[in-house]
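Chains as they are written, first to last, in our numbering: chain W, 1388 to 1637; chain D, 80 to 132. Glycine included, each C-beta is placed from N, C-alpha and C at the ideal position. The structure presented is a predicted model; accordingly, all values stated were derived computationally and were not measured. Working notes, structure below.
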Amino acid sequence: MAALNNKYGWAWFHRFASPPYLYRVAGLLVPWFAWPAAALIAVGLYGGLWSSPPDYQQGDGFRIIYIHVPSAYLSMMGYAILAVASAVGLVWRMKLAHAVAAAAAPLGASFTFLALVTGALWGKPMWGTFWVWDARLTSELILLFLYFGFIALRRAYEDPRSGDRAAAVLALVGVVNLPIIHYSVVWWNSLHQGATVFVGQGSDIAPGMLWPLLCMIFGFTLLFAACLARSVQAEVLERERGAAWAAEVA
Amino acid sequence: MSSFNEFLTMGGYAAYVWPAYAIAAVVVLVNLFAPGRRLKRIKDGIRRRKGAA
């Protein structure tokens, strides 16, 4: 089996099925994600709140974009991670994949919440309302409920392995919501504006507004990765708390 | 931004921009510290059981 794995170059992946290995690698990764994240977010905040010009229609109100877009992006990225990890856990019976999914769920839910709240605070002055039952907003709210459902279902079973599997099935069913969120502004007549950052070949945003937004998107992504790595450590150690290696690292 | 005052008032949108950033800061800080605290709790539990055994 080992020879077969090496032949197809999958040995590196199979090592992640070893709890102490995953625990150690995740711990080593945290600072490599966290410090660049801090730097990018600091630069992005300066650019977003100070150096970028006011919007010609929305004045300084548009500055909510610098947290709204990164959190909305992460709400979907987090769900994609959760779904892929769930699929790996279901198909290959890889227990640690379920640990990654479990670690991603509260993080993704928190950024979904943030996307909804910052969106409401942006909607009030620009649309005249905190909330409308619009396709983009409603599908994002459903995403939050999918995260809650995943978390609740996982904990609803006496046997954690049954909980893992049931929650993973829910995660896979919920994937259908991701393209709905993404294309909602195209498929339906929505109050929410369409895509502005990546439009075909270029971007519809002024360069002075774009670079801080890109800093915030990459900064938030690395921040998410740092939190996920630490959370994976906790999830793995809790599942392996009876093992000899767990006593060594504790 | 041309002045510090304009920064504080956000051109009249302070009531929306600053709460949005404040909530974002809270969410980010909770995400940053919660996993580490949970890891510490789990480690404490493992050490306690090891001490008791």
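- Put simply, the region 1507 to 1520 of chain W does not touch the region 1482 to 1493 of chain W. Fewer than three CB pairs are less than 8 Å apart.
- DSSP places D1546/W outside both helix and strand once states are collapsed to three, so it counts as coil.
- Residue range F83 to T88 is occupied by the alpha helix (DSSP H) that includes E85/D.
- Residue contact check for L118/D against chain W: a CB pair falls below 8 Å.
- DSSP places G1435/W within a helical segment (H, G or I) once states are collapsed to three.
- Annotation: L1600/W to R116/D spans about 31 Å, alpha carbon to alpha carbon.
- Taking 8 Å as the cut-off, the Cβ atoms of H1455/W and G1506/W count as close.
- Between G1495/W and S1473/W, the alpha-carbon positions lie close to 14 Å from each other.
- Think of a sphere of 9 Å around the beta carbon of V1504/W: the chain D residues whose beta carbon falls inside it are P98, A99, I102, A103 and V106, in chain order.
- For D123/D, the enclosing alpha helix (DSSP H) starts and ends at A93 to A131.
- Taking a beta-carbon distance threshold of 8 Å, L111/D counts as an interface residue toward chain W.
- For L1469/W, the enclosing alpha helix (DSSP H) begins and ends at I1452 to V1478.
- Of the candidates P1407/W, G1414/W and A1424/W, A1424/W places its Cα closest to the Cα of G1606/W.
- Taking the Cα of L1416/W as reference, the smallest distance to any Cα among A1631/W, A1616/W, H1401/W and W1514/W is reached at A1616/W.
- The C-beta distance from G1448/W to Y92/D rounds to 4 Å, short enough to meet the 8 Å contact threshold.
- If you look at E1635/W, you'll find it in the alpha helix (DSSP H) that goes A1631 to V1636.
- A Cβ of chain D is located within less than 8 Å of the beta carbon of R1628/W.
- Runs of the alpha helix (DSSP H) spanning 4 or more residues and lying entirely within the region 1479 to 1522 of chain W occur at 1482 to 1514, in chain order.
- In the three-state reduction of the DSSP assignment, G1446/W falls in the strand class.
- Those residues of the region 1464 to 1484 of chain W placed with their C-beta closer than 9 Å to a C-beta in chain D do not exist.
- Between A1470/W and A1558/W, the gap from beta carbon to beta carbon is short of 8 Å.
- When the beta-carbon positions are compared, S1590/W and V1584/W come within less than 8 Å of each other.
- Note that the region 1617 to 1629 of chain W touches the region 1406 to 1422 of chain W; at least 3 beta-carbon pairs, one per stretch, sit closer than 8 Å.
- Cβ atoms of G1465/W and A1555/W stay farther apart than 8 Å, at about 15 Å.
- Between C1602/W and V1430/W, the CB-CB gap stays under 8 Å.
- Under the criterion of beta carbons closer than 8 Å, A1634/W and I125/D qualify as touching, at roughly 6 Å.
- Taking a beta-carbon distance threshold of 8 Å, L1524/W does not count as an interface residue toward chain D.
- Among the residues facing chain D, W1514/W is not included, as its CB has no counterpart in that chain under 8 Å away.
- At a cut-off of 8 Å, the C-beta of D1447/W has a neighbouring C-beta in chain D.
- Taking 8 Å as the cut-off, the Cβ atoms of A1621/W and P114/D count as close.
- Around the beta carbon of L87/D, a 10 Å sphere encloses fewer than 16 other beta carbons of the protein chains shown; the residue is thus reported as exposed.
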